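Enquirer:
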Amino acid sequence: MVSDGMGPASLSLTRSFRQHVEGLPEGDVLTLDRHFWGSSRTRSSNSLVTDSAAGATAFSCGKKSYNGAISVLPDYEPCGTVLEAAKRAGFMTGLVVTTDITDATPACFASHVLTRAMNDDIALQEVGDGPLGRVVDIMLGGGRCHFLPNGTEGSCRLDGTDVVARAQEEFGWTYAGDRKAFDALEGGEKVSFPTLGLFAPGDIPFEIDRRNMSDIYPSLSEMAATALRALEKATENSDQGFFLMIEGSRIDHAGHINDPAAQVREVLEYDKAFKLVSDFVKDSKTESLLVATSDHETGGLATALQEPGHLPVYNWYPKALAKATASAELLSKKFIQHIASSKSQNQDELKAWANKKLVIPGLGIEDAHPEELQALVDHPEVSVQTFAAMISLRAHIGWSTHGHTALDVNVYSTGGEDAQKIRGNIENTEVGKFLRGYLNVDVDAITEELKEKMNKKQLGAMNVNMQQMPGLAENPNAWSQSQEYAHLSKASVA
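392 is the number of the first residue of the sequence shown in my numbering; add one for each residue after it.
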């Protein structure tokens with residue numbers, strides 16, 4: 392399992408929040424806490440601060456690579472992944488996420504491209520149009536827009552390829568595109584392989600919002616339970632089992648936005664999914680193992696904040712987060728939609744509307760400062776950050792960046808003698824190396840096959856010269872950052 396963007400402070404934040412909301416004693420901890428195993432160092436090959444692509448490449452290939460790389464090494468050669476090797480060895484495989492299924496983490500297990508920005512190519516490879524053919528048996532998540540042909544409603548592809556149609560016609564996929572189709576899977580009891588479930592045009596909404604959307608979208612734990620049961624049922628008479636990667640994807644997005652109210656709900660949902668999987672491992676009649684970690688920390692989160700002009704206060708306030716009923720992302724979308732549809736652009740009227748309709752009911756803030764409301768109407772394009780800053784201030788939560796940090800991240804496991812190899816403080820590549828060893832699969836053979844079948848021109852679908860690409864000479868992380876920060880502007884789109 393991968394908790395994208397979740398650092399140690401996220402656990403402290405969520406643990407105390409849960410204790411406050413549920414009236415629990417200080418000794419009551421998260422399920423994750425009971426399975427703490429060690430920590431992981433996260434640097435990439437070209438930066439002390441990794442991105443999700445390089446982080447996931449470390450998990451999937453057991454190799455360091457540059458920020459933005461999707462299971463490709465610094466020499467632009469592909470590296471075989473543990474999922475691909477597991478599939479070749481007879482295991483069933485699956486990917487479950489709450490972001491686009493083409494996003495960096497899932498992409499790194501089932502595709503190979505030079506940069507994570509190549510979502511269109513990733514989508515094709517994930518369904519089987521790649522050098523190894525189809526390597527995934529079940530994929531559940533968001534990102535439907537990357538699978539629909541350009542020019543059709545809901546598409547974000549640059550070409551006219553209908554990936555859903557190709558997946559069904561050429562590679563035998565069963566497609567589930569909405570909640571009704573997900574429910575028809577009956578928790579994994581009625582899954583025909585391979586199954587592609589795309590339940591949102593892009594990311595599945597933050598958990599704080601999803602739960603109030605009339606059950607339109609499945610949750611992380613629901614999708615995890617469905618995939619787990621489907622794969623268990625499919626392999627019950629097999630000598631080989633299955634490999635399933637589950638990602639709590641949007642913990643990272645809440646960190647990028649600096650939204651603590653959204654993040655605690657994301658971590659709680661991830662903890663729920665972790666419990667589901669750990670209980671499965673405990674009750675399984677066959678040997679099973681759960682390993683969970685983060686690719687990096689996002690936001691530079693601190694569970695305390697010194698306000699300008701004030702002495703430090705040795706406290707933070709979970710009750711401020713408990714009052715929130717919506718994410719800063721959703722509130723920003725509603726605000727921008729209102730501005731676009733409103734006949735009046737009077738600033739006083741806009742401030743009054745934002746306070747009454749968004750700030751008070753959405754953030755639970757009844758004492759908004761005039762300066763905060765003015766900031767919303769002056770700069771609605773960055774209102775997502777303003778809303779997040781408002782609730783962070785009330786909760787006394789601090790952030791150092793809208794990007795990633797170089798913090799070590801926690802490793803969790805259901806344990807066992809084999810897992811002693813990743814006990815303590817390890818490099819993130821050790822996770823990938825451990826997984827291939829535990830499954831006893833030949834990742835190196837997959838790498839050699841990929842090299843034979845993919846030349847660099849095919850891999851990149853472009854003329855690769857980093858020094859000639861705009862901005863890359865000055866900023867080698869530009870490929871990655873264009874994707875990492877994209878959701879900060881998504882809230883600005885009506």
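The beta-carbon is built from N, C-alpha and C at its ideal position, and this holds for glycine as well. All of these numbers come straight from a predicted model, not from anything done at the bench.
Can you tell which of Phe450, Val488 and Gly521 has the C-alpha that lies nearest to the C-alpha of valine 554?
Expert: That would be Gly521, whose Cα lies nearest to the Cα of valine 554.
Enquirer: Taking the alpha-carbon of aspartate 494 as reference, which of Leu523, Gly459, Arg525 and Asp466 has the nearest alpha-carbon?
Expert: Comparing Cα-Cα distances from aspartate 494 to each of Leu523, Gly459, Arg525 and Asp466, the minimum goes to Gly459.
Enquirer: Counting beta carbon pairs with one atom in the segment 646-656 and one in the segment 765-785, are three or more of them shorter than 8 Å?
Expert: They touch, by the three-pair rule.
Enquirer: Buried or exposed, going by whether 16 or more other CB atoms sit within 10 Å of the CB of methionine 853?
Expert: Legend: pLDDT at methionine 853 = 41, less than 50; position of this residue unreliable, value from coordinates given subsequently. Looking at its Cβ environment, which holds fewer than 16 other Cβ atoms inside 10 Å, methionine 853 is exposed.
Enquirer: Determine the closest residue to serine 718 out of Gly794, Thr689, Arg641 and His701, with distance taken between C-alpha atoms.
Expert: Checking every option, the nearest Cα to that of serine 718 belongs to Arg641.
Enquirer: Nearest-angstrom Cα distance between valine 412 and proline 699?
Expert: Cα-Cα distance, rounded: 29 Å.
Enquirer: Pick out the complete beta strand (DSSP E) segments inside the segment 612-693, 3 residues or longer, and give them in chain order.
Expert: List check, beta strand (DSSP E) in window: 633-639 and 682-684.
Enquirer: Apart from the five residues on each side of it in sequence, which residues of its chain come closer than 6 Å, Cβ to Cβ, to methionine 860?
Expert: With a pLDDT of 41 at methionine 860, under the threshold of 50, the modelled position of that residue is not reliable, and the figure given next carries that caveat. There are no such residues.
Enquirer: Count the other CB atoms, across all protein chains shown, that sit within 10 Å of the CB of proline 596; report buried if there are 16 or more and exposed otherwise.
Expert: It is buried - the Cβ of proline 596 has at least 16 other Cβ atoms within 10 Å.
Enquirer: Distance check for threonine 716 and aspartate 600, CA to CA, integer angstroms please.
Expert: Taking the straight line joining both Cα atoms gives about 7 Å.
Enquirer: What residue range does the alpha helix (DSSP H) around glycine 794 cover?
Expert: Neither: glycine 794 is in no alpha helix (DSSP H) and is coded neither H nor E.
Enquirer: Keeping to the same chain, check which residues put their C-beta closer than 6 Å to that of serine 583; ignore five residues upstream and five downstream.
Expert: So the qualifying residues of the chain are Thr565.
Enquirer: List the endpoints of the continuous beta strand (DSSP E) containing leucine 531.
Expert: First-last of the beta strand (DSSP E) with leucine 531: 529-533.
Enquirer: Could you check which residue in Ser403, Leu439, Ser401 and Leu474 has the C-alpha nearest to that of aspartate 833?
Expert: Of Ser403, Leu439, Ser401 and Leu474, the residue nearest in Cα terms is Leu474.
Enquirer: List the endpoints of the continuous beta strand (DSSP E) containing threonine 586.
Expert: 586-589 is the extent of the beta strand (DSSP E) around threonine 586.
Enquirer: Could you check the C-alpha separation between aspartate 574 and glycine 563 for me, to the nearest Å?
Expert: Distance between the alpha carbons of aspartate 574 and glycine 563 is about 21 Å.
Enquirer: Look at leucine 531 and glycine 588 and say whether their C-beta atoms are less than 7 Å apart.
Expert: In this structure, glycine 588 lies closer than 7 Å to leucine 531 by Cβ.
Enquirer: Counting only C-beta atoms, is valine 440 closer than 7 Å to chain C at any point?
Expert: In summary, chain C is missing from the structure at hand, where a single protein chain is found.
Enquirer: Along the alpha helix (DSSP H) that carries tryptophan 744, what are the first and last residues, could you check?
Expert: It spans 738-745 - the alpha helix (DSSP H) in which tryptophan 744 sits, taken as one unbroken run.
Enquirer: Buried or exposed for alanine 731, please, with buried defined as at least 16 other CB atoms from any protein chain shown within 10 angstroms of its CB.
Expert: Answer is exposed; the Cβ neighbour count stays below 16.
Enquirer: Looking at C-alpha atoms only, which residue of Thr405, Pro497 and Ser431 is the closest neighbour of tyrosine 803?
Expert: Of Thr405, Pro497 and Ser431, the residue nearest in Cα terms is Ser431.
Enquirer: Can you tell me whether glycine 396 is buried or exposed, with buried defined as 16 or more other CB within 10 angstroms of its CB?
Expert: That one is buried.
Enquirer: Could you tell me the alpha carbon to alpha carbon distance between asparagine 801 and alanine 743, rounded to whole angstroms?
Expert: One C-alpha to the other measures close to 44 Å.
Enquirer: Residues bridged to isoleucine 461 by DSSP?
Expert: Answer by DSSP bridge pairing, in chain order: Val504.
Enquirer: Give the straight-line distance between the Cα atoms of glutamine 410 and serine 394, rounded to the nearest whole angstrom.
Expert: Spanning the two alpha carbons is a distance of roughly 21 Å.
Enquirer: Can you give me the Cβ contacts of glycine 542 inside the same chain, cut-off strictly under 7 Å, excluding the 5 residues immediately before and after it?
Expert: Once the five neighbours on either side are set aside, the close Cβ partners of glycine 542 are Gly551.
Enquirer: Once you ignore the five residues that flank arginine 557 on each side, which residues in its own chain have a CB closer than 8 Å to its CB?
Expert: Within the same chain, arginine 557 has close Cβ partners Leu515, Val518 and Asp520.
Enquirer: Note down, in chain order, each residue of its chain lying with its Cβ closer than 8 Å to the Cβ of threonine 405, except the 5 sequence neighbours on either side.
Expert: Here the set comprises Leu421, Gln654, Val655, Val658, Leu659 and Asp662.
Enquirer: Can the beta-carbon of aspartate 528 be found less than 7 Å from the beta-carbon of glycine 485?
Expert: Yes.
Enquirer: For serine 401, tell me which candidate among Cys470, Gly639, Arg507 and Pro609 has the shortest Cα-Cα distance.
Expert: Cα-wise, what sits closest to serine 401 is Gly639.
Enquirer: Going by beta carbon distance, what residues of the same chain come within less than 6 Å of proline 585, once the five residues before and after it are set aside?
Expert: Taken in chain order, the residues that qualify are Asp528 and Trp564.
Enquirer: What are the boundary residues of the alpha helix (DSSP H) that valine 768 is part of?
Expert: Run containing valine 768: 761-769, per the alpha helix (DSSP H) assignment.
Enquirer: What are the start and end residues of the beta strand (DSSP E) that includes phenylalanine 362?
Expert: As displayed, the chain neither begins before 392 nor continues past 885, which places residue 362 out of reach and without an answer.
Enquirer: Please classify methionine 604 as buried or exposed, where buried requires at least 16 neighbouring CB atoms within 10 angstroms.
Expert: Result: exposed.
Enquirer: Measure the C-alpha to C-alpha separation of histidine 793 and histidine 503 and round it to an integer number of angstroms.
Expert: If I take the Cα positions, the gap works out to 28 Å.
Enquirer: Rank Ile817, Arg425, Tyr457 and Asp809 by C-alpha distance to the C-alpha of leucine 439 and give the top, closest one.
Expert: Ranking the options by Cα distance to leucine 439, first place goes to Tyr457.
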